[in-house]
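Here the structure comes first, spelled out in structure tokens, and everything after it is commentary.
2 protein chains.
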Amino acid sequence: MLRSALNRLVRKLEAEGTPLAPAEKEALLRLPLTLREVRADQDIVRQGDRPTQCCMVVEGFLCSYKMLPDGERQILSFHVPGEIPDLQSLFLEKMDHALTTIAPSTIAFIPHEAVNVLLEQHFRIARILWREMLIDAAISREWIVNTGSRDAYARISHLLCELFYKLQAVGLTKGTSFNCPITQTEVADATGLSTVHVNRSVQELRGNRLIEWERGTCTILDLQALEDAAMFDLDYLHLASAGAA
Amino acid sequence: MLRSALNRLVRKLEAEGTPLAPAEKEALLRLPLTLREVRADQDIVRQGDRPTQCCMVVEGFLCSYKMLPDGERQILSFHVPGEIPDLQSLFLEKMDHALTTIAPSTIAFIPHEAVNVLLEQHFRIARILWREMLIDAAISREWIVNTGSRDAYARISHLLCELFYKLQAVGLTKGTSFNCPITQTEVADATGLSTVHVNRSVQELRGNRLIEWERGTCTILDLQALEDAAMFDLDYLHLASAGAA
DNA sequence: CGACGCTTTGACCCGTTTCAACAATGGTGG
DNA sequence: CCACCATTGTTGAAACGGGTCAAAGCGTCG
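Protein chains in written order, with this note's numbering: chain S, 17 to 261; chain W, 17 to 261.
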């Protein structure tokens, strides 16, 4: 289990394109990971916390969010296996958002010190992780576009395209199907819509035969049409293959 | 002029809290900067570009934005003097958004190679710049909240609070007044609202005596009330003083 | 079987958009 | 110094996307 967690990390870092040197790989495998099984809807880190470790998603599904004084919850991103959602806590002491599971998950914790040592001794790994964090930032920018400039139908389409490509990149899709434990309420919190309206839009997507989505499994029936509806442009995910083009 | 640009950079980096060592400061001052005066509404970098240099705002005002196929423009962030808005192009080859001036500006260009050398030789500077980029990401997250969860009145209030604190951090405010060359159309593109509605909301803010805003100068009359209206929480800007608390 | 969480539905309402003018402002050239 | 033009800001009326509220269906799991 611990081995598989570390392997996921190595694979993730190599997905950038550059294979790791033996010394680098070894340094990664020596990282002191602590695994934890977490059930759904458990906060991993809370807003205002000052973490001393960061966490990697080994299995499951996380999201980060902020709560507003008026009770609104805004989801800021979804995190799939291989990602290290709060790596930024290495540099920004105080969490400005919370991190929670939205499905039963396996999380690996890594002490900050260990990561800091890693970064100083292996600048190439530092560069790869730096790049990862910038991709997260690129996704955030696209989410601004999503909530700011697209209508409900396009927003939800876009979210589904993003999830599909992110999951595909880590090998968690079968064809155009993927496990999608996100509830419509969570889609609503992520897109700035009401659950009612999300529901109606999802039904519209189903009616147009763009997707099927029930009991935690989402199948994209017409990816091209879904991307068109979403005005989706893959570039922002900065996937290795796309970058090479 | 070139000296003042470099000084602004040094000051910005030291604003993090840690004063730079003489060797570090010297390395910065040796950076090969190219200055350029640019009038308003000129693209500095375009979506799809693969820049070989990055740029620092010395004077003026920039914004980054994306265009959608349907003609909508979404502004993603505003950039004030001292910031290096496209530093990320060091790590993400292809620009996923554009960068443009919204006021006459002075820009300093720095070749990627020079920055790369700097990062490898001075890990502390790398850490500071890394942190800067993460703060940009934190601001993007807050913009997701803004467009996703706040109504028009709060969105505009929030934008003004953000600008005020960012400008204050680099010493570009006088009291609670600051130079604000942003048009209402740009506010609309940044907040995902129509210009008409922005106009009405700004008038409401004026009517409630929270702000004055005319001819490029914005004065906040009641900062506390403006922050309340915006549900503003300073934490996300990760200013040095706030981090120390 | 019953309870709980998630999805679905209908009816009504409101914030925001759209369209279409018009007024103010500021910069430019004669 | 004024006439002109292009931006930017302002206004009103009508329409619409999406929100709210409230209740009912449905799966699933102890």
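C-beta atoms are modelled at their ideal positions from N, C-alpha and C, and glycine is treated no differently.
In this structure, the alpha-carbon of Thr211 of chain W lies about 5 angstroms from that of Ala204 of chain W.
Residues of chain W with a Cβ closer than 8 angstroms to the Cβ of Glu136 of chain S are, in chain order, Phe139.
Within the segment 191-231 of chain S, the runs of alpha helix (DSSP H) at least 4 residues long that lie entirely inside it are, in chain order, 200-207 and 211-223. Under the three-state reduction of DSSP output, Pro127 of chain S falls in the strand class. Here DSSP, grouped into helix, strand and coil, assigns His138 of chain W to coil. Listed in chain order, the positions of the segment 100-124 of chain W with a beta carbon within less than 7 angstroms of a beta carbon of chain S are Gln104, Phe107, Leu108, Glu109, Lys110, Asp112 and His113. Chain-ordered listing is empty here: chain S has no CB closer than 9 angstroms to the CB of Leu29 of chain W, the nearest sitting near 14 angstroms. Between the alpha carbons of Ala170 of chain S and Asp244 of chain S lies a gap of roughly 9 angstroms.
Under the Cβ criterion (8 angstroms, minimum of three pairs), the segment 104-117 of chain S counts as touching the segment 64-76 of chain S. Judged by their CB atoms, Leu51 of chain W and Ala130 of chain W are not nearer to each other than the 7 angstroms cut-off.
Counting C-beta atoms within 10 angstroms of its own C-beta, Ser20 of chain W has fewer than 16 neighbours from the protein chains shown and is therefore classed as exposed.
Asp112 of chain S is a Cβ neighbour of Ala154 of chain W, given a cutoff of 7 angstroms. For Met72 of chain S, no chain W residue has a Cβ inside 9 angstroms of its Cβ, as the nearest lies near 18 angstroms away. By the Cβ neighbour-count rule, Leu250 of chain W is exposed, with fewer than 16 other Cβ atoms within 10 Å of its own. The secondary-structure analysis by DSSP pairs Thr233 of chain W across a beta bridge with W:Asn195 and W:Glu230.
The beta carbon of Arg225 of chain S does not come within 7 angstroms of any beta carbon belonging to chain W, so the residue lies off that interface. Selection W:Ile172, W:Asn224, W:Arg225 and W:Leu25 evaluated against Ala206 of chain W yields W:Ile172 as nearest (Cα-Cα). In this model, Glu158 of chain S and Tyr252 of chain S are separated by some 7 angstroms (Cα to Cα). If you ignore the 5 residues before and after Asn162 of chain W, its C-beta comes within less than 6 angstroms of the C-beta of Arg171 and His174, all in its own chain and listed in chain order. A distance below 7 angstroms between beta-carbons, with the five flanking residues on each side excluded, links Thr189 of chain S to the following residues of its chain, in chain order: Phe180 and Leu183. Linking Leu25 of chain S to Gly98 of chain S through their CA atoms gives a straight-line distance of about 6 angstroms. Note on geometry: alpha-carbon atoms of Cys70 of chain W and Leu92 of chain W lie some 18 angstroms from one another.
Per the DSSP secondary-structure output, Leu51 of chain S pairs in a beta bridge with S:Ala124. Within chain W, the residues placing a beta-carbon under 8 angstroms from that of Thr163 of chain S are Ile160, Thr163, Gly164 and Gly208, ordered along the chain. Cα atoms of Ala168 of chain S and Leu44 of chain S: separation of roughly 42 angstroms, rounded to the nearest angstrom. Straight-line spacing of the CA atoms in Pro35 of chain W and His138 of chain W works out to 14 angstroms.
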